[in-house]
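Right, one structure below, let's go through it.
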Amino acid sequence: MDAFDLDVRRHVYFSVVANGRPPTAAETSAALGREEEEIAGAYRRLHDAHALVLFPDTTDVWMANPFCFAPTPHRVTAGGRVWTGTCAWDALGIPGALHCDGVVESECACCGERLELEAFGGELVSGGDVIVHFVVPARRWWDDIGFT
Amino acid sequence: MVFLRSEEHLHRWLDDRGFEPGATFTAPKLNELARTWWWSRLDPGWRPRSAGESQALLESLDLTGEFWALQ
Numbered sequence: 000m001d002a003f004d005l006d007v008r009r010h011v012y013f014s015v016v017a018n019g020r021p022p023t024a025a026e027t028s029a030a031l032g033r034e035e036e037e038i039a040g041a042y043r044r045l046h047d048a049h050a051l052v053l054f055p056d057t058t059d060v061w062m063a064n065p066f067c068f069a070p071t072p073h074r075v076t077a078g079g080r081v082w083t084g085t086c087a088w089d090a091l092g093i094p095g096a097l098h099c100d101g102v103v104e105s106e107c108a109c110c111g112e113r114l115e116l117e118a119f120g121g122e123l124v125s126g127g128d129v130i131v132h133f134v135v136p137a138r139r140w141w142d143d144i145g146f147t
Numbered sequence: 000m001v002f003l004r005s006e007e008h009l010h011r012w013l014d015d016r017g018f019e020p021g022a023t024f025t026a027p028k029l030n031e032l033a034r035t036w037w038w039s040r041l042d043p044g045w046r047p048r049s050a051g052e053s054q055a056l057l058e059s060l061d062l063t064g065e066f067w068a069l070q
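One line per chain: the protein sequences are U and V, in this order. In terms of numbering that gives the first Met the number 0, the first sequence has 146 at position 147, counting the first letter as 1, and numbering is strictly consecutive. In terms of numbering that gives the first Met the number 0, the second sequence has 23 at position 24, counting the first letter as 1, and numbering is strictly consecutive.
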């Protein structure tokens, strides 16, 4: 991953934190003063390197993990915003990435019952009786990240 | 990676979908993993971790064995 791609990635993540959504390739092009096609190429390379996830056949950001920009059952209140977590792991990762406290509102994958977990001072202070299951072994996480 | 309210619901969920059991742990353990894994994600000087670095991070949380092997 070269310095340009790291700059583009940094801009995407900073925009996510500042605006609550990822920038389009056109917006990143304008912000960094580079041609849109160069930015689109960087987005695709970052996707291939698993540093971002794009919606299929687009340059629109689906995931800047742990943040997700499509509906999931995992809603996270942290750092003054409400976010969407890609999965259980990412949901609890949002307060971690933002270095703040947070509340995860989610559901039991089996019955849909509402579950709430609260991270405070780095510790889980509610929801400690909830369990977590990983179906996909680590070496196959990126085979189908949407399913994982 | 899903949340479930109990072991009973986990087993029902696996049976309903025909999934083989993977790895199960508690939400506090996931919080520890999530916090460690994502802590540096927004650092201005972020660089991708190598597979070896990621594996070492998992091992530091006692996530070892075939299921947690990244390669």
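Each residue gets a CB set at the ideal place from its N, CA and C atoms; glycine is no exception. Only a predicted model underlies this, so the values are computations on that prediction, with no experimental measurement involved.
Which of helix, strand or coil DSSP assigns to residue i
i, result
"V/SER53", "helix"
"U/GLY95", "helix"
"U/ILE144", "coil"
"U/SER125", "strand"
"V/ARG4", "coil"
"U/THR57", "coil"
"U/PHE68", "coil"
"V/PHE24", "strand"
"V/LEU41", "coil"
"U/ARG20", "coil"
Neighbour flag for residue i against chain V, beta carbons, 9 Å
i, result
"U/ASN64", "yes"
"U/TYR12", "yes"
"U/LEU5", "yes"
"U/GLY127", "yes"
"U/ASP56", "no"
"U/ALA108", "yes"
"U/LEU51", "no"
"U/ARG9", "yes"
"U/TRP61", "no"
"U/ARG138", "yes"
"U/GLY19", "no"
Min CB distance residue i to chain U below 9 Å
i, result
"V/GLU6", "yes"
"V/LEU29", "yes"
"V/GLY21", "yes"
"V/ALA26", "yes"
"V/LEU60", "no"
"V/GLU65", "yes"
"V/LEU56", "no"
Buried versus exposed call for residue i [16 or more other C-beta atoms within 10 Å across all chains shown]
i, result
"U/HIS170", "Outside the modelled stretch of chain U, which goes from 0 to 147, sits residue 170 of chain U, for which no answer is possible."
"V/HIS10", "exposed"
"U/TRP88", "buried"
"U/HIS98", "exposed"
"U/CYS110", "exposed"
"U/PHE66", "buried"
"V/PHE18", "exposed"
"U/ARG8", "buried"
"V/ARG46", "exposed"
"U/GLY126", "buried"
Distance, residue j Cα to residue i Cα
i, j, result
"U/ILE144", "U/LEU51", "11 Å"
"U/ARG113", "U/ALA2", "43 Å"
"U/PRO21", "U/HIS10", "9 Å"
"U/VAL124", "U/THR83", "20 Å"
"V/TRP12", "U/CYS107", "10 Å"
"V/PRO27", "V/ASP15", "26 Å"
"V/ALA48", "U/GLU115", "Before going on, a small fix: residue 48 of chain V reads as Arg here, not Ala. Approximately 31 Å between the Cα atoms of the pair."
"U/TYR35", "U/THR23", "In the sequence under discussion, the amino acid at residue 35 of chain U is Glu, which differs from the Tyr named in the question. Going from the Cα of U/GLU35 to the Cα of U/THR23 covers about 10 Å."
"U/VAL134", "V/VAL1", "9 Å"
"U/VAL16", "U/GLY95", "13 Å"
"U/CYS86", "U/ALA29", "32 Å"
"V/ALA68", "V/GLU58", "10 Å"
CB-CB length for residue i against residue j, believed under 8 Å
i, j, result
"V/PHE66", "U/PRO136", "5 Å"
"V/ALA55", "V/GLN70", "Not really, about 13 Å apart at Cβ, beyond 8 Å."
"U/VAL75", "V/PHE24", "Not a contact, Cβ separation roughly 20 Å."
"U/GLY101", "U/ALA118", "5 Å"
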